[in-house]
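The sequence shown begins at 12 in the numbering used here and counts up by one. Here a beta-carbon is modelled for each residue, glycine too, at the ideal position from N, C-alpha and C.
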Amino acid sequence: MWLGLSLAKRLIKEKPETLSVMSRNINKLKEARNILLSEVGKDKSYSDIKINIIKCDLSMKESINEAFNNALINNSLDKEENSKNDTNYGNENNTRNRNKNIEKGNVDVNDINNIDVLICNAAYVSTEENTKLQMYDLIYTVNVNIYGNIDFISRVITYMKKKKSGTILFINSEGALYPIYGYSYYLMSKTSMWTYTHILDQELKYFNIHIANAFLPSIQTPGFVQENFKKPDVTKKIESLTSILNSDYAADKVINKIKQGRKFITLNLNGYMLSILHSGYRNPESYFDYLMHVSFCNIFVFISSLYKLYIEYVIKKKFHSILCN
């Protein structure tokens, strides 16, 4: 199961009024809706939850614009398909008029859906050595992982600032804290988004908008399995230093930590160690955190140096074998 679906399943337990899931893959959206509806049916207290599926390609501005407007007015993909079967041409005109009205602000506030929580999980991952990557990989990585996320976040912030509340969670990677071989474009994008969301937190915390990053290790998903087909052996050996987590387990831990008010979320010992190693400028989230940062920073610097030696050994061994051949 992919992480986005696991997060959506976990959010059902929080009994939201509306839960909207976005993806560029329509078949995955329909599959996700069926799974989420079965989750809703397990408990009578979930019966009032609306499940919306919305098509969105973060690499395309037009798609982002339409998806955001659909989220605002609870326009789910299954509703659109039903209306298209009735009046195809009329529905297209209604969609254009609706989008224009939203952009101009000519919409009744009561008709607008409040986006209380935004989780940014979509990302394009290219797992090859830099010399084997194409220009397409760079452009698509920037469009999806950076531009698309920033565009959608910026739109949501406009509404969150008006009501002075909201939560934005960005699903990041442990690799953003310790970049590794084979992820040049992907981790470049994740690191830049960490900087971006850190600055957003400074700008928006007094509007009662909570900005958080979840720095996750490898998650067992269909996408992770596909990545391993192209992943260099060096990358696989380096990744073996950390744990691979089940998507449902990771989703549960992330949501629980968001509820606790955490902003810098990690899920295992390696992640916790990296969080302390990167605590120099970052504000501690509690006095206990500050105490842990001061107490363990030197120890973790020593431990991380052992990791670095091993990683350097793995990389050197690979290139030594190439030179010998």
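Counting every other CB atom within 10 Å of its CB across the protein chains shown gives Tyr-321 a total below 16, marking it as exposed. The beta carbon of Lys-172 lies closer than 6 Å to those of Phe-218 in the same chain, with the five residues before and after it left out. As computed with DSSP, Cys-131 is found in a beta bridge with Phe-181.
In terms of Cα proximity to Thr-142, the closest of Glu-42, Gly-193, Gly-52 is Gly-193. Sorting Lys-72, Ala-82, Leu-69 by C-alpha distance to the C-alpha of Glu-28 places Ala-82 at the top. Counting other Cβ atoms within 10 Å of its Cβ, Val-305 stays below 16 and is therefore classed as exposed.
Of the other Cβ atoms in all chains shown, fewer than 16 fall within 10 Å of the Cβ of Val-312; this residue is therefore exposed. The alpha-carbon separation between Ile-168 and Asn-257 amounts to approximately 31 Å.
According to the DSSP assignment, His-209 belongs to the alpha helix (DSSP H) that extends over 195-215. Ranked by Cα distance from Pro-243, the first of His-221, Tyr-318, Arg-293, Ile-326 is Ile-326.
Contact between Thr-178 and His-209 fails: their C-beta atoms lie close to 16 Å from each other, not under 8 Å.
In the structure shown, Leu-47 falls within a helical segment according to DSSP collapsed to helix, strand and coil. For Ala-225, the beta-bridge partners assigned by DSSP are Ile-182, Ile-276. Contact between Arg-166 and Phe-235 does not hold, since the beta-carbon distance rounds to 29 Å and is not under 8 Å.
The Cβ atoms of Ala-133 and Leu-69 sit closer than 7 Å to each other.
Of Tyr-57, Ser-74, Lys-55, the smallest CA-CA separation from Ser-34 is found for Ser-74.
Ranking Leu-302, Leu-198, Arg-293, Phe-307 by CA distance to the CA of Asp-148 puts Leu-198 first. Burial state of Tyr-301 is exposed, judged by a 10 Å Cβ sphere holding fewer than 16 other Cβ atoms.
Out of Ile-150, Met-284, Ala-261, Ile-126, the CA that lies nearest to the CA of Tyr-170 is found in Ile-126.
Taking Glu-185 as the centre and dropping the five residues before and after it, the same chain places the C-beta of Phe-226, Leu-227, Pro-228, Thr-253, Thr-277, Asn-281, Gly-282, Leu-285 closer than 8 Å to its C-beta, in chain order. In the structure shown, Lys-61 falls within a strand segment according to DSSP collapsed to helix, strand and coil.
For Met-33, the uninterrupted beta strand (DSSP E) run begins and ends at 29-34, by DSSP. Taking Ser-195 as the centre and dropping the five residues before and after it, the same chain places the C-beta of Asn-141 closer than 6 Å to its C-beta, in chain order. Taking 8 Å as the upper bound for CB-CB distance, Asn-156 and Ser-200 are in contact here, some 4 Å apart.
Closest in alpha carbon position to Phe-163, among Cys-67, Asn-124, Lys-247, Ile-23, is Cys-67.
In this structure, DSSP gives Gln-145 a state outside helix and strand, which the three-state scheme calls coil.
Residue pairing of Lys-66 in beta bridges, as defined by DSSP: Ser-34.
With fewer than 16 other CB atoms across the displayed protein chains lying within 10 angstroms of its CB, Leu-48 is exposed. In the DSSP assignment, Asn-81 falls within the alpha helix (DSSP H) that extends over 72-83. The DSSP assignment places 244-250, 258-270, 280-288 as complete runs of the alpha helix (DSSP H) inside the segment 243-326, in order along the chain (cut-off: 4 residues).
The beta carbon of Asn-160 sits closer than 6 Å to those of Cys-131, all from its chain and outside the five residues before and after it, given in chain order.
Counting the other Cβ atoms within 10 Å of the Cβ of Gly-52 gives fewer than 16, which makes it exposed. The Cβ atoms of Ile-62 and Leu-88 do not sit closer than 7 Å to each other. Look at Ile-161 here: in three-state DSSP terms it is helix.
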